[in-house]
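Asks: Below: one structure in structure tokens.
Protein chains: 2
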Amino acid sequence: MSVDTPLTLALPKGRLEEQVREHFAKAGIEYHFEKRKLVARDKDKRLEIFLVKNADLPTYVHHGIAGLGVCGEDVLYEAGVPLHRLKELPFGSTRMCLAGPKGASIDVSEQGLKVATKFTRFTRDYFHNQNIPVEMVKLNGSVELAPVLGLTPYIVDLVETGGTLKANNLEVLQELSSIRVHLVANPAYYKYHYREIEHFLEILEAAGDE
Amino acid sequence: MSVDTPLTLALPKGRLEEQVREHFAKAGIEYHFEKRKLVARDKDKRLEIFLVKNADLPTYVHHGIAGLGVCGEDVLYEAGVPLHRLKELPFGSTRMCLAGPKGASIDVSEQGLKVATKFTRFTRDYFHNQNIPVEMVKLNGSVELAPVLGLTPYIVDLVETGGTLKANNLEVLQELSSIRVHLVANPAYYKYHYREIEHFLEILEAAGDE
């Protein structure tokens with residue numbers, strides 16, 4: 001990997017970025033964002049790193065602003081842009097679940113399921129593939145409020161500990177899919193920087209994926 | 001307004017809710033959310049108040065979960081659901097602006113403008129009405145990064161103080177629209193609760209709109 005042409009990498013702001021930082025450190029890749037800065041280089045100047053909002057990461061990689069990115073399958077699925085998945089990363093995995101009131105049996109009536117979700121693309125495809133009609137209400141946040149306030153009986157959302165569900169008297173009714181975190185690449189970028197990217201992947205492998 | 005049938009009102013989490021709270025207090029309407037609770041009544045039990053995410057507020061009012069809501073025109077425009085606008089409120093107004101690099105002249109080339117924005121519906125309609133072709137990249141946050149990273153030369157975004165623009169060497173190139181905050185109602189709810197709502201509006205008027 002040449003020092004004068006660093007690979008460009010987009011990372012999602014927040015907890016996932018912290019996990020990337022820890023993982024990279026194991027491979028000897030260290031970076032530091034100065035206060036209020038959203039662009040940084042790692043100490044060996046192999047990477048130019050951008051911090052962007054999680055949901056916008058595929059957009060930046062798709063447009064080639066960053067050649068590489070770290071992204072959950074949930075966000076990749078909703079973005080629907082063609083990115084190469086280079087490597088599954090050993091952290092940040094979670095579950096996409098159907099949840100509803102505690103003790104509720106799933107009522108797939110003739111009208112089908114009515115769910116609130118941030119993940120409309122995933123939800124539509126999942127239930128359509130099972131021939132279950134699904135009516136969706138798109139929400140941007142606090143999806144667990146929907147059954148509490150009576151907007152929809154069910155929700156489709158990411159569930160980690162289940163603490164938020166429990167606080168709202170909800171529970172997982174069905175796990176729909178595991179969601180993992182991937183290192184992704186813009187396909188054209190991958191083609192033109194194949195060697196440097198493969199070298200970068202080897203360095204990451206050396207971190208010893210759990 | 002009957003004590004036993006409170007009006008249902010959705011408020012957006014965050015700064016706007018604080019301004020609502022101050023304004024309502026002038027009219028003698030006081031409410032308090034217990035810790036971690038998102039539903040509250042005012043002290044006279046005239047209102048049942050829900051806290052929801054700003055962008056989801058029109059959805060909750062459209063589906064009748066709350067009969068009334070307080071919402072900025074930016075969010076109303078993007079939601080595109082038919083709500084009655086009952087009253088413009090005397091706070092929270094802001095501006096929707098076209099912004100770009102400092103000193104840039106607006107280059108409406110044959111290809112038109114290329115802008116990043118959260119407000120795709122507003123942006124499309126605004127420029128189409130002026131017969132200016134517009135290419136949009138939808139972002140969910142940190143829109144001011146788009147020109148800095150080279151995603152798009154321009155952005156359309158809400159501008160209050162302009163501090164965020166300045167920090168990224170951007171400036172307002174054109175003010176597109178003022179954005180005001182409205183008290184809105186679900187049309188069916190308004191029809192059935194006309195008297196109570198009119199009484200509520202009178203109480204608010206007494207707060208002395210600046």
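If you read the sequences in order, they're chains G and A.
The opening position of the first sequence corresponds to residue 1 in full-length UniProt numbering, with each subsequent residue numbered one higher.
The opening position of the second sequence corresponds to residue 1 in full-length UniProt numbering, with each subsequent residue numbered one higher.
Where is the CB? At the ideal position from N, CA and C, for every residue including glycine.
What you are looking at is a predicted structure, and each value in this text was computed from that prediction instead of being measured.
Taking a Cβ distance cut-off of 9 angstroms, strictly less, list which residues of the stretch 120-142 of chain G are near chain A, in chain order.
Replies: Against chain A - using a Cβ distance shorter than 9 angstroms - the residues of the stretch 120-142 of chain G are V137, K138, L139, N140, G141 and S142.
Asks: The beta strand (DSSP E) with E88 (chain A) in it runs from where to where?
Replies: Residues H84 to P101.
Asks: My assumption, with CB atoms under 8 angstroms, is that D125 (chain G) sits in contact with V143 (chain G). Please give the rounded CB distance.
Replies: Incorrect: roughly 18 angstroms between the Cβ atoms, too far for contact.
Asks: Which whole-angstrom value is the C-beta distance of I197 (chain G) and I29 (chain G), which I expect to be below 8 angstroms?
Replies: With a Cβ gap of about 14 angstroms, I197 (chain G) and I29 (chain G) do not count as contacting.
Asks: List the endpoints of the continuous beta strand (DSSP E) containing I197 (chain G).
Replies: Taken as a continuous stretch (DSSP letters only), I197 (chain G) belongs to no beta strand (DSSP E), being part of the alpha helix (DSSP H) at Y194 to E205.
Asks: Quick one: list the residues of chain G neighbouring R38 (chain A), beta-carbon separation under 7 angstroms, in chain order.
Replies: Looking at the sequence itself, residue 38 (chain A) is Leu, so the reference to Arg does not match. Those are L145, listed as they occur along chain G.
Asks: Counting only beta-carbon separations shorter than 7 angstroms, does G103 (chain A) have a partner in chain G?
Replies: Not closer than 7 angstroms to any Cβ of chain G, the Cβ of G103 (chain A) fails to qualify, so no.
Asks: Which residues in chain A have a C-beta closer than 7 angstroms to the C-beta of A55 (chain G)? List them in chain order.
Replies: Under the 7 angstroms cutoff, chain A gives N140.
Asks: With distances taken between CB atoms, is the gap from A10 (chain G) to G69 (chain G) smaller than 7 angstroms?
Replies: Result yes, Cβ atoms of A10 (chain G) and G69 (chain G) sit closer than 7 angstroms.
Asks: Among residues of its own chain, excluding the 5 on either side of P133 (chain A), which ones have a beta-carbon nearer than 6 angstroms to its beta-carbon?
Replies: Cβ neighbours of P133 (chain A) beyond the five flanking positions: G112.
Asks: Excluding sequence positions up to five away, which residues of its chain have a Cβ less than 8 angstroms from the Cβ of L173 (chain A)?
Replies: Result list for L173 (chain A): C97, L98, A99, G100, A104, I106 and Y154, in chain order.
Asks: Would V81 (chain G) and H63 (chain G) be called neighbours here (beta carbons separated by less than 7 angstroms)?
Replies: Cβ atoms of V81 (chain G) and H63 (chain G): not closer than 7 angstroms.
Asks: Of the residues A:G150, A:K43 and A:R121, which one's Cα is nearest the Cα of K138 (chain A)?
Replies: It is A:R121 whose Cα lies nearest to the Cα of K138 (chain A).
Asks: Indicate the three-state DSSP secondary structure (helix, strand or coil) for V3 (chain A) in the structure shown.
Replies: Unreliable positioning characterises V3 (chain A) in this predicted model, as indicated by a pLDDT of 48, which lies under 50. A coordinate reading is not provided.
Asks: Find the nearest neighbour of S93 (chain G) within the set G:S178, G:N169, G:I65 and G:N186, judged by alpha-carbon distance.
Replies: The shortest C-alpha separation from S93 (chain G) is found at G:S178.
Asks: Report all residues from its chain with a CB closer than 7 angstroms to the CB of K114 (chain G); omit the five preceding and five following residues, and keep chain order.
Replies: Hits under 7 angstroms: E135, T152, P153 and Y154.
Asks: Ordered along the chain, which non-local residues of its own chain (more than five positions away) have a Cβ less than 8 angstroms from that of V3 (chain A)?
Replies: Confidence at V3 (chain A) is low in this model, with a pLDDT of 48, below 50, so its placement is unreliable and no value can be given for it.
Asks: What residues in its chain sit with their C-beta under 7 angstroms from that of A116 (chain G), if we drop five residues either side in the sequence?
Replies: Correct list, in chain order: V137, L139, V143, A146, L151, T152 and I155.
Asks: Counting only beta-carbon separations shorter than 7 angstroms, does G150 (chain A) have a partner in chain G?
Replies: Yes, G150 (chain A) counts as interfacial toward chain G.
Asks: In terms of alpha-carbon separation, which member of A:F127, A:L51 and A:A40 lies closest to R15 (chain A)?
Replies: Ranking the options by Cα distance to R15 (chain A), first place goes to A:L51.
Asks: Quick check: the Cα distance between N186 (chain A) and A66 (chain A), rounded to an integer number of angstroms?
Replies: For N186 (chain A) and A66 (chain A), the distance between alpha carbons rounds to 8 angstroms.
Asks: For F33 (chain G) and T8 (chain G), what's the separation of their Cα atoms in angstroms?
Replies: Cα to Cα, the separation comes out at about 15 angstroms.
Asks: With respect to the beta strand (DSSP E) encompassing D157 (chain G), which residues constitute its N-terminal and C-terminal limits?
Replies: Here the beta strand (DSSP E) through D157 (chain G) covers Y154 to V159.
Asks: Looking at C-alpha atoms only, which residue of G:F200, G:E18, G:K35 and G:T59 is the closest neighbour of Y118 (chain A)?
Replies: According to the sequence provided, residue 118 (chain A) is Lys. The question's Tyr does not apply to it. Among G:F200, G:E18, G:K35 and G:T59, the Cα nearest to that of K118 (chain A) is on G:T59.
Asks: Closer than 8 angstroms by beta-carbon distance: list the chain A residues that pair up with Y60 (chain G), in chain order.
Replies: Within 8 angstroms Cβ-Cβ: L149 and L151.
Asks: If the cut-off is 7 angstroms on Cβ atoms, which residues from the stretch 57-87 of chain A count as contacting chain G, listed in chain order?
Replies: Going along the stretch 57-87 of chain A in chain order, one finds T59, Y60, H63 and I65 with a Cβ nearer than 7 angstroms to chain G.
Asks: Just the Cα atoms here: how many angstroms apart are T123 (chain A) and E73 (chain G)?
Replies: Cα-Cα distance, rounded: 29 angstroms.
Asks: Return the Cβ separation of R41 (chain A) and P6 (chain A) in integer angstroms, given the expectation that the two are a contact with Cβ distance under 8 angstroms.
Replies: That pair is a contact at about 6 angstroms.
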